Amino acid sequence: DQQVKQNSPSLSVQEGRISILNCDYTNSMFDYFLWYKKYPAEGPTFLISISSIKDKNEDGRFTVFLNKSAKHLSLHIVPSQPGDSAVYFCAAHPLVNQFYFGTGTSLTVIP
Amino acid sequence: DVKVTQSSRYLVKRTGEKVFLECVQDMDHENMFWYRQDPGLGLRLIYFSYDVKMKEKGDIPEGYSVSREKKERFSLILESASTNQTSMYLCASSLSGRAYEQYFGPGTRLTVT
Numbered sequence: 066d067q068q069v070k071q072n073s074p075s076l077s078v079q080e081g082r083i084s085i086l087n088c089d090y091t092n093s094m095f096d097y098f099l100w101y102k103k104y105p106a107e108g109p110t111f112l113i114s115i116s117s118i119k120d121k122n123e124d125g126r127f128t129v130f131l132n133k134s135a136k137h138l139s140l141h142i143v144p145s146q147p148g149d150s151a152v153y154f155c156a157a158h159p160l161v162n163q164f165y166f167g168t169g170t171s172l173t174v175i176p
Numbered sequence: 200d201v202k203v204t205q206s207s208r209y210l211v212k213r214t215g216e217k218v219f220l221e222c223v224q225d226m227d228h229e230n231m232f233w234y235r236q237d238p239g240l241g242l243r244l245i246y247f248s249y250d251v252k253m254k255e256k257g258d259i260p261e262g263y264s265v266s267r268e269k270k271e272r273f274s275l276i277l278e279s280a281s282t283n284q285t286s287m288y289l290c291a292s293s294l295s296g297r298a299y300e301q302y303f304g305p306g307t308r309l310t311v312t
């Protein structure tokens, strides 16, 4: 059973607009979350993380929001650029040897 | 430039063969990981190593073993390959204490026929 779910397999956004990628998790004990980005034929690269003691973490154009009561997190990219076109994975990291990844959302930013 | 390399991009093996997937990192990282990625299932952790000769089972260790004799090298072993082990295999490494920030290799697409 998927413990981390990304229900939108794909998303298309115009360049310059906001991209919002969503992620839901099932276990309320999860307390650390990650986003990774993956280009074709490459391994994923770490993007941003958030701890459950925060509800927001920002890094440049990327902001992750955490809603613990809803067990939901989202990644906002503002403004979106064509180079952001990639597959985005969210993951929960409850223990040092535990990582639960979602199935990914493929983002296409249209120039 | 940080680098995680995997021995093969594509591999085809027969059922019952013993298969070795090799991963090398040049960043002096303590942690190394093996994942498999399947459609509809995302990345799933197979094994994790936090030091030479040390290993921890991940979410799906059945049918796999690992070896870490040197810090830079982490091997995934399929003792007797089966068709349900056809998958994309990804290796990653990270610093101790920053397990969340993993550097991934490009992956090995393994097909077991």
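Quick mapping for you: the protein sequence lines, in order, are chains A and B. Going by this note's numbering, the first sequence opens with residue 66, and the numbers climb by one from there. Going by this note's numbering, the second sequence opens with residue 200, and the numbers climb by one from there. A virtual CB, placed ideally from N, CA and C, is assigned to each residue, including glycine. On a predicted model such as this, the values are computed, not experimentally measured, just so you know.
{"Query": "N- and C-terminal bounds of the beta strand (DSSP E) containing A:K121", "Result": "121-124"}
{"Query": "Buried versus exposed, by CB contacts within 10 Å (16 or more), A:M94", "Result": "exposed"}
{"Query": "Status (buried if at least 16 other CB within 10 Å, exposed otherwise) for B:I245", "Result": "buried"}
{"Query": "Cβ pair B:L289, B:G306 closer than 8 Å", "Result": "yes"}
{"Query": "The ligand GTP heavy atom lying under 7 Å from the CB of A:S171", "Result": "What this structure holds is no ligand at all, so the ligand GTP is not there to describe."}
{"Query": "Three-state secondary structure assigned by DSSP to B:G304", "Result": "coil"}
{"Query": "Distance, A:A135 Cα to A:G125 Cα", "Result": "26 Å"}
{"Query": "Beta-bridge pairing of A:F164 - partner residues as DSSP gives them", "Result": "DSSP, once it has assigned bridges, lists no residue as partnering A:F164."}
{"Query": "Identity of the residues DSSP links to A:F98 by a beta bridge", "Result": "A:I115, A:A157"}
{"Query": "Other residues of its chain near B:V218: CB distance less than 6 Å, five sequence neighbours each side excluded", "Result": "K212, L277, A280"}
{"Query": "Proximal residues of chain A, C-beta to C-beta of B:P260 below 7 Å", "Result": "Under the 7 Å cutoff, chain A gives no residues; its nearest Cβ is about 11 Å from B:P260."}
{"Query": "Cβ pair B:Y234, B:A291 closer than 8 Å", "Result": "yes"}
{"Query": "Under the three-state DSSP convention, the category A:N92 falls into", "Result": "coil"}
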